[in-house]
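Chains as they are written, first to last, in our numbering: chain A, 23 to 187; chain B, 363 to 595. One structure is given here, and the rest of the page talks about it.
Below, the structure is given as structure tokens:
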């Protein structure tokens, strides 16, 4: 195992908008390479959403965290293949639910043309508060690019749903 | 061209756009949507339109920074140097006008991103891989609203007809191969008429020919950066 030190540091770099998730839980760290003398590290990140304001903050936070342990830190951005919610770790999904955000269900959309006019963004299996499966969408867009707003028909509580993407 | 060959020619489809046209189209469409923030009909729509504007801005940035210095391109070009389709720059009308325009632009971008999924250029392909999924959400939103308002009350139907009337001449620039059929599906479900494509030969925006609305939009979007070049915040 190489670059263990870097991976350990990255496990503590949080998503600025959903702080229960680390960048590793998000699945945006595509590669970590350490130089032979362990003084330099290169991290490759894939952004979650095109316009997500957290992206630049994450790059900054990754750089800052690694600078404490390495002389030289390089952060590369790789667009392709595009990030998908399938890359969220299992631990990340559990953390999301504990935080009151229902993790994406169903697969990400297929690579081909989505069926239109309506595509399937998945649906939360159950209310994160009371567990009722009776839930309905309030709005397809929420407080951050990754979320939609839903509510529970039984307990009436609104909640965030992390959209399948 | 003889009247016979003219009659036999298929409805005009718009040429497939260049990277410049799409980059500027996303940027200008984003700006118009952002004008709704804090004044949309409901709080959920405020959030939705803001989110969509942000996605479009991100897509524009991905392409603009591939073409050059994104800030230079966004803030220091004049209207005649922009290549966006003119439909993107038209002022926001009522909410119905906004969601109908959004549907037209989303359907255009959908065709573009799908073609670019196989582009040889890594950056273009990378932007498209991300954008194709974001755009599907936008398209879902605009389609749902067009259907709800078109097939809604007499008042909402009347307003959607008016919006269709105002916007349709401008689709000549964005009606790429397949666009008309995609849009017709939604219009039919909305109980709105499906006009035939405008037959005029156009190249307006891609040649830098714009309505006066673009200069007005830029005077707002560029003013801060031009007044304080190099400002950081």
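Where a beta carbon is used, it is the ideal one built from N, C-alpha and C, also for glycine.
Where residue 409 (chain B) meets chain A, residues with beta-carbon distance less than 9 Å
Numbered from 1 along the second chain, position 47 holds the residue referred to as residue 409 (chain B). Correct list: 161, 163, 164, 165, 171.
By alpha-carbon positions, which one of A:61, A:71, A:179 ends up nearest to residue 92 (chain A)?
In the first chain, the residue the question calls residue 92 (chain A) occupies position 70. Of the candidates A:61, A:71, A:179, the one whose C-alpha sits nearest the C-alpha of residue 92 (chain A) is A:61.
Interface partners of residue 503 (chain B) on chain A, CB under 8 Å:
Residue 503 (chain B) sits at position 141 when you count from the first residue of the second chain. Simply 162, 163.
Three-state secondary structure (DSSP) at residue 176 (chain A)?
Taking the first chain and counting its residues from 1, one reaches residue 176 (chain A) at position 154. Of the three classes helix, strand and coil, the one that applies to residue 176 (chain A) here is coil, per DSSP.
For residue 546 (chain B), which residues of its own chain have a beta-carbon under 8 Å away from its beta-carbon, when the five flanking residues on both sides are left out?
Here residue 546 (chain B) corresponds to residue number 184 of the second chain, with the count starting at 1. Correct list, in chain order: 556.
Per DSSP, what kind of secondary structure is residue 364 (chain B) in: helix, strand or coil?
Looking up residue 364 (chain B) in the second chain gives position 2. At residue 364 (chain B) the pLDDT is 39, less than 50, meaning the model places this residue with poor confidence and gives no usable figure here.
Tell me whether residue 445 (chain B) sits in a helix, a strand or coil according to DSSP, three-state version.
Here residue 445 (chain B) is taken as the residue at index 83 of the second chain, counted from 1. The answer is coil: DSSP assigns residue 445 (chain B) none of H, G, I, E or B.
Short of 7 Å in beta carbon distance, which residues of its chain neighbour residue 95 (chain A), apart from the five on each side in sequence? Order them along the chain.
Translated into positions along the first chain, residue 95 (chain A) becomes position 73. Closer than 7 Å at Cβ, skipping near neighbours: 63, 85, 88, 89.
Cutoff 8 Å: residue 187 (chain A) Cβ touching any chain B Cβ:
Position 165 of the first chain holds residue 187 (chain A). It does: the Cβ of residue 187 (chain A) has a partner Cβ on chain B nearer than 8 Å.
Within this structure, are the beta carbons of residue 468 (chain B) and residue 501 (chain B) separated by less than 8 Å?
What you label residue 468 (chain B) is simply residue 106 of the second chain in a count that begins at 1. What you label residue 501 (chain B) is simply residue 139 of the second chain in a count that begins at 1. Yes. Within cutoff.
Three-way DSSP call (helix, strand, coil) for residue 439 (chain B) in this model
As a working mapping, residue 439 (chain B) is identified with position 77 in the second chain. DSSP places residue 439 (chain B) in coil when its eight states are reduced to three.
DSSP state of residue 504 (chain B), grouped into three classes?
The count along the second chain starts at 1 and reaches residue 504 (chain B) at position 142. Note: residue 504 (chain B) maps to helix in three-state DSSP.
Whose C-alpha, out of B:587, B:582, B:566, B:591, is nearest the C-alpha of residue 396 (chain B)?
Counted from its first residue, the second chain places residue 396 (chain B) at position 34. Comparing Cα positions, the closest option is B:582.
Can you tell me which of the three DSSP states residue 123 (chain A) falls into?
Numbered from 1 along the first chain, position 101 holds the residue referred to as residue 123 (chain A). Correct three-state label for residue 123 (chain A): strand.
C-beta atoms of residue 554 (chain B) and residue 526 (chain B) nearer than 8 Å
The residue you call residue 554 (chain B) lines up with position 192 of the second chain. The residue you call residue 526 (chain B) lines up with position 164 of the second chain. A contact, by the Cβ cut-off of 8 Å.
Could you tell me the distance, in whole angstroms, from the CA atom of residue 175 (chain A) to the CA atom of residue 504 (chain B)?
Mapped onto the first chain, residue 175 (chain A) falls at position 153. Mapped onto the second chain, residue 504 (chain B) falls at position 142. Approximately 25 Å between the Cα atoms of the pair.
Runs of alpha helix (DSSP H) lying entirely within the region 44-105 of chain A, each at least 4 residues, in chain order:
45-48, 76-89
Taking a Cβ distance cut-off of 7 Å, strictly less, list which residues of the region 90-102 of chain A are near chain B, in chain order.
101, 102
For residue 493 (chain B), decide whether its Cβ has a neighbour in chain A, counting only Cβ atoms nearer than 8 Å.
In the second chain, the residue the question calls residue 493 (chain B) occupies position 131. Residue 493 (chain B) counts as touching chain A.
Could you name the residues of the same chain whose beta carbon sits closer than 7 Å to that of residue 437 (chain B), not counting the 5 residues immediately before and after it, in chain order?
Sequence index remark: in the second chain, residue 437 (chain B) carries index 75 (1-based). Excluding sequence neighbours, residue 437 (chain B) sits near 584, 587, 588.
In or out: residue 569 (chain B) buried (at least 16 other Cβ within 10 Å) or exposed?
Against the second chain, residue 569 (chain B) aligns to sequence position 207. Residue 569 (chain B) comes out exposed.
Give me the Cα-Cα distance between residue 510 (chain B) and residue 522 (chain B), rounded to the nearest whole angstrom.
Along the second chain, one-based indexing puts residue 510 (chain B) at 148. Along the second chain, one-based indexing puts residue 522 (chain B) at 160. If you take the alpha carbons of residue 510 (chain B) and residue 522 (chain B), they lie about 10 Å apart.
If we cut at 8 Å on Cβ distances, does residue 127 (chain A) have a partner in chain B?
Locating residue 127 (chain A) in the first chain gives position 105, counting from the first residue. By this cut-off, residue 127 (chain A) is not an interface position.
Buried versus exposed call for residue 550 (chain B) [16 or more other C-beta atoms within 10 Å across all chains shown]:
As a first step, residue 550 (chain B) is located in the second chain; it is residue number 188 there, counting from the start. Answer is exposed; the Cβ neighbour count stays below 16.
Anticipated Cβ contact below 8 Å, residue 410 (chain B) with residue 161 (chain A), distance rounded:
As a position in the second chain, residue 410 (chain B) is number 48, starting the count at 1. As a position in the first chain, residue 161 (chain A) is number 139, starting the count at 1. Their Cβ separation, rounded to whole angstroms, is 6 Å, which keeps residue 410 (chain B) and residue 161 (chain A) in contact under 8 Å.
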